[in-house]
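Numbering (this note's numbering), first residue to last: 83 to 406.
Beta carbons are placed, not taken as given, at the ideal position from N, Cα and C, and that holds for glycine.
Heads up, the thing below is written out as structure tokens.
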């Protein structure tokens, strides 16, 4: 049984980490969040100590080690994106491995610095790249690997997940803290694409605003037109008619890849892989971090050639075929 601490306990994603720690038969000794609405802990670790101040949390971990000989094995990090780097460093200083939500960091050079700290500390930094564990995505990777070696696939990626007005008041609406739309809701898709289709050859941005982003990515084995949005009005009418507020679509050579389900246990699978010594680390995350950094800082390209149809026609229709 390993000892865990968790930072960001009141956040949206934290319950998946609490469940993963419990489902892998490990122990949460302490948790931290500046907000105290963390009753969810009662369902998993009611006896874990909870703190709203970092200084008292850090002091508690020190006391556990010095007075009770309780060593911390892992720190799970579910905090806002811009704090990930600092909290990962804290975990390594505490002689614990870090398990951090996506995006691992906001800038590629943060990864380089963390690698240096890894080497000095002897501890590891892991990240949650759950799409790599999704059965449909694993099957797609195998299909590409077994397919023609010189084939380049045409892909349309569409991810529309509407958010309310609260989003713009929260840290997620602040690009300096979240990294913007591409970092906040797109980074795991970019990771999945690079994992399957290889290194990036071209990265163009056609649209980048507070509520949507679109562009063209070319990998070694794929040409990708992508569109991300948190605006409810971009969701197809037939999806809205069902009461849903999210729409995911990946078209590969005009064939839909179904991956709408199968997400419930992916964090637990991620944790089990880490505990088994097979987790995803800094090198695994780097290309997706480079992609979102470049998107965030790119000059907009002219809308010509390959571009997602929603760039010019923001009220979506389905399916998004290759002809514009």
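Of the candidates 182, 311, 190 and 106, 311 places its Cα closest to the Cα of residue 239. The Cβ atoms of residue 186 and residue 205 do not sit closer than 7 Å to each other.
Counting other Cβ atoms within 10 Å of its Cβ, residue 168 stays below 16 and is therefore classed as exposed.
In the DSSP assignment, residue 171 falls within the unbroken alpha helix (DSSP H) covering 166-175. Straight-line measurement puts the Cα of residue 98 at about 30 Å from the Cα of residue 148. Sequence-distant partners of residue 367 (beyond 5 residues in either direction) whose C-beta falls short of 6 Å from its own C-beta, in its chain, are 186 and 209.
DSSP places residue 330 within a strand segment (E or B) once states are collapsed to three. When rounded, the separation of the alpha-carbon atoms in residue 231 and residue 354 is 33 Å.
If you look at residue 260, you'll find it isn't in any beta strand (DSSP E); it sits in the alpha helix (DSSP H) that goes 257-260. In terms of CA proximity to residue 388, 307 leads the group 373, 307 and 105. Residue 337 is bridged by DSSP to 334. Contact between residue 244 and residue 341 fails: their C-beta atoms lie close to 19 Å from each other, not under 8 Å.
Around residue 321, the same chain offers 329 as residues with beta carbons nearer than 6 Å, after the five sequence neighbours per side are excluded.
Under a 10 Å Cβ-count criterion, residue 129 is classified as exposed, with fewer than 16 other Cβ atoms of the shown protein chains found around its own Cβ. With 16 or more other Cβ atoms from the protein chains shown falling within 10 Å of its own Cβ, residue 176 counts as buried. Here DSSP, grouped into helix, strand and coil, assigns residue 300 to strand. If the five residues before and after residue 296 are omitted, its C-beta is found closer than 6 Å to the C-beta atoms of 288, 289, 309, 390 and 393, all from its own chain and listed in chain order.
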